[in-house]
Amino acid sequence: MSITDKKSYALGIVIGADWAKMGVKIDIESFAKGFADTMNGVNPELTLSEIQNQMQILQKEVEVIEKKELEEELQRGRQFLEENKKKPGVVETKSGLQYKILRESIGKKPQANDIVEVHYHGTLIDGTVFDSSVLRGEKIEFPLNQVIKGWTEGLQLMSEGSKFEFYIPSHLAYGDKGAGKDIKGGATLIFQVELFKVK
Numbered sequence: 027m028s029i030t031d032k033k034s035y036a037l038g039i040v041i042g043a044d045w046a047k048m049g050v051k052i053d054i055e056s057f058a059k060g061f062a063d064t065m066n067g068v069n070p071e072l073t074l075s076e077i078q079n080q081m082q083i084l085q086k087e088v089e090v091i092e093k094k095e096l097e098e099e100l101q102r103g104r105q106f107l108e109e110n111k112k113k114p115g116v117v118e119t120k121s122g123l124q125y126k127i128l129r130e131s132i133g134k135k136p137q138a139n140d141i142v143e144v145h146y147h148g149t150l151i152d153g154t155v156f157d158s159s160v161l162r163g164e165k166i167e168f169p170l171n172q173v174i175k176g177w178t179e180g181l182q183l184m185s186e187g188s189k190f191e192f193y194i195p196s197h198l199a200y201g202d203k204g205a206g207k208d209i210k211g212g213a214t215l216i217f218q219v220e221l222f223k224v225k
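Numbers in this note's numbering are just positions in the sequence shown, counted from 1, shifted up by 26.
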């Protein structure tokens, strides 16, 4: 396989992967022909109006799929939180944030404008790790008013030296848009957080 072949094949994989995840039905031969015609300067077999119309249809199909996936993710989160709050030691606040004290302390508590130094381990409700300062082996500092709402609220319940587990519903996390490749829109998140210092 030549360098050009590899480059072209890699591009096909990347484009294909994005569309495969969406679940939209696409005829591969027609796609390849449209791609080839454009690359080779061949006049398209569809008018500009027809192309625009088909792209609008495609966009609507994507929106329907994304809406369904969002509703399914939200429902999974609701079911998880409903069962989780029944477990021993789990407390739910008025906002819907849930937490469990893993280690209590009597140190200083942060305010919303404070900078905190923490270790954290973040997972989805299926256990998938999406971010972890613990695994990186590096504590992190940040202003408490510049993170997701669940963190801003939750860490103000903690004292220096304590360790909590937070169960954060979507509306207190990344909402309908999600974040990165691992956190889908509507995702409920779980964080173990150890608060070392309030600055």
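We put the beta carbon where it would ideally sit given N, CA and C, even for glycine. Model, not experiment: these values are computed from the prediction.
Looking at LYS225 and GLU186, is the spacing between their C-beta atoms short of 8 Å? no
Compute the Euclidean distance between the alpha carbons of GLN182 and ILE174, then round it to the nearest angstrom. In a straight line, the C-alpha of GLN182 is about 13 Å away from that of ILE174.
Quick one: Cα of LEU150 to Cα of PHE217, how far? C-alpha separation (whole angstroms): 9 Å.
Does the beta-carbon distance from LEU123 to SER196 come in below 8 Å? LEU123 is not a Cβ neighbour of SER196, given a cutoff of 8 Å.
Rounding to the nearest angstrom, what Cα-Cα distance links LEU72 and MET81 in this structure? Computed Cα separation, rounded: 12 Å.
Reduced DSSP category for ALA58 - H, G, I as helix; E, B as strand; rest coil: helix
Cβ-based neighbour list, VAL248, same chain, cut-off 6 Å, excluding 5 preceding and 5 following: Because the chain is modelled from 27 through 225, residue 248 falls outside the range shown and cannot be assessed.
From which residue to which residue does the beta strand (DSSP E) around ILE216 run? 215-224
Counting Cβ pairs, one atom from each stretch, are 3 or more of them under 8 Å apart for the segment 74-92 and the segment 44-51? yes
Quick check: PHE190 and LYS126, are their CB atoms within less than 8 Å of each other? Taking the C-beta atoms as reference points, LYS126 is found nearer than 8 Å to PHE190.
Please name the residue in LYS210, TRP177, PHE57 and GLY211 whose C-alpha comes closest to that of GLU220. TRP177
Looking at the structure shown, is THR64 part of a helix, part of a strand, or coil, going by DSSP? Taken through DSSP and simplified to helix, strand or coil, THR64 comes out as helix.
For GLY148, which residues does DSSP report across the bridge? ASP157 and PHE217
How many Å lie between VAL116 and LYS135 at the Cα? VAL116 and LYS135: Cα-Cα distance of roughly 20 Å.
For ASP157, I'd like the list of residues in its chain whose CB is within less than 7 Å of its CB, leaving aside the five on either flank, ordered along the chain. GLY148
Please tell me whether TYR193 and ASN110 are closer than 8 Å, where the distance is taken between their beta carbons. Less than 8 Å divides the Cβ of TYR193 from the Cβ of ASN110.
Taking only three categories from DSSP, how would you classify ALA199? coil
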